[in-house]
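In this text, residue positions in the sequence shown follow the working numbering: the first is 719, and each later residue adds one.
Here the structure is laid out as structure tokens; the discussion comes afterwards.
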Amino acid sequence: MAAELIATTATKKVFHDGEKAIKVFNAEVPKAEVLNEALISARVEEVGGINVPRVLEVGVFDNQWSITFDFIEGKTLQQLMDENPEKLPEYMEQMVNLHLNVMSKHCPHLNKLKDKISKQIQDIEELGDVTRYDMRTQLDSMPKHTKLCHGDFNPSNIIVKSDGTMYVLDWVHATQGNASADVARTYLLFCLQDQTKADMYMNLFCKKTGTAKKYVQSWLPIVAAAQLSKKRPEEAELLNKWAGVCDYQ
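Structure representation (structure tokens):
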């Protein structure tokens, strides 16, 4: 069976080859980044209690660096939400429960979320010295936690098998840190497509955990500023809005 192209992004292509999924990185992606993604994925896999594709191999595919994972047969949660809009509340509850399970775990070998965000903010010259200082001061004042944070937890990174089992993909941004920061990132990702979904997600998380919404919202400017370092055009307008002075009334 020839490998079938099933997904393409700005930095990689994903192929389906039998029981394997092969993530092939563009030539400009440094080898160190590929190896680091494989290492992070393997460490999360070892945590247990979360359904994740196993890392099978790091190698070369068509002269480009690649990581081979288990192929998980199913639909993304994003596809299911699009196909069955009447089930959105049900899917949202399942997604929040899955996120809570992830954040109940600990992976002590991962980088600290606060260290990562601090470096990202420091590297964004567009913010200006005063804004960068204020952001990093606010970040430093936030509670220090060691919960497993995905860093890009959205419906497109969740595969739902035919029996309803959910698998979480793409752990390259995983860190250990504050759960509300991870929820803030998911909120911003939802805001890119639908404010109603974003609010529904945050409300459910706060209700299930007894977390004050203002506390999660206090992470939004920090997380938005950090994400600006990735220079994704599709996120720029939203992130610039949230990285500015926000008024939560």
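Heads up, the beta-carbon is just placed ideally off N, CA and C, and yes, glycines get one too.
Please read all numbers here as calculations on a predicted model, not as lab measurements.
Its Cα nearest to that of residue 800, the residue 873 stands out among 838, 819, 846 and 873. By the neighbour-count definition (other C-beta atoms within 10 Å, threshold 16), residue 848 is an exposed residue.
Within the stretch 764 to 826, the runs of beta strand (DSSP E) that reach at least 3 residues and sit entirely inside it are, in chain order, 773 to 779 and 782 to 788.
Taking residue 926 as the centre and dropping the five residues before and after it, the same chain places the C-beta of 814 and 818 closer than 7 Å to its C-beta, in chain order. With 16 or more other CB atoms across the displayed protein chains lying within 10 angstroms of its CB, residue 784 is buried. Residue state for residue 862 is assigned as coil, using DSSP reduced to three classes. In the DSSP assignment, residue 944 falls within the unbroken alpha helix (DSSP H) covering 938 to 945.
Contact between residue 747 and residue 733 fails: their C-beta atoms lie close to 16 Å from each other, not under 8 Å. In its chain, beyond the 5 residues on either side, 823 and 825 have a beta carbon closer than 6 Å to the beta carbon of residue 765. For a cut-off of 8 Å, the C-beta gap from residue 894 to residue 864 is around 5 Å, short enough to register as a contact.
For residue 886, the enclosing beta strand (DSSP E) begins and ends at 884 to 886.
In the DSSP assignment, residue 841 falls outside any alpha helix (DSSP H), carrying neither H nor E.
Excluding residues up to 5 positions away in sequence, 869 and 870 lie with their Cβ nearer than 6 Å to the Cβ of residue 891 in the same chain. If you look at residue 745, you'll find it isn't in any alpha helix (DSSP H); DSSP assigns it neither H nor E.
Proximity of the stretch 898 to 917 to the stretch 931 to 941 meets the contact definition, three or more beta-carbon pairs being nearer than 8 Å. Taken through DSSP and simplified to helix, strand or coil, residue 753 comes out as helix. One thing to note: residue 879 has its Cβ within 7 Å of the Cβ of residue 792. In this structure, DSSP gives residue 733 an extended state, which the three-state scheme calls strand. With a cutoff of 7 Å on beta-carbon distance, residue 773 and residue 756 are scored as near each other. By the criterion of a C-beta distance shorter than 7 Å, residue 794 is surrounded in its chain by 873, 874, 876 and 877, once the five residues flanking it on both sides are discounted.
Between the alpha carbons of residue 855 and residue 907 lies a distance of about 25 Å. Under DSSP, the beta-bridge partners assigned to residue 867 are 893. Within a 10 Å sphere around the beta-carbon of residue 915 sit 16 or more other beta-carbons, which makes this residue buried. Under the DSSP assignment, residue 916 falls in the alpha helix (DSSP H) whose first and last residues are 913 to 927. Under DSSP, the beta-bridge partners assigned to residue 876 are 886. Residue 807 sits exposed, since fewer than 16 C-beta atoms from the chains shown fall within 10 Å of its C-beta.
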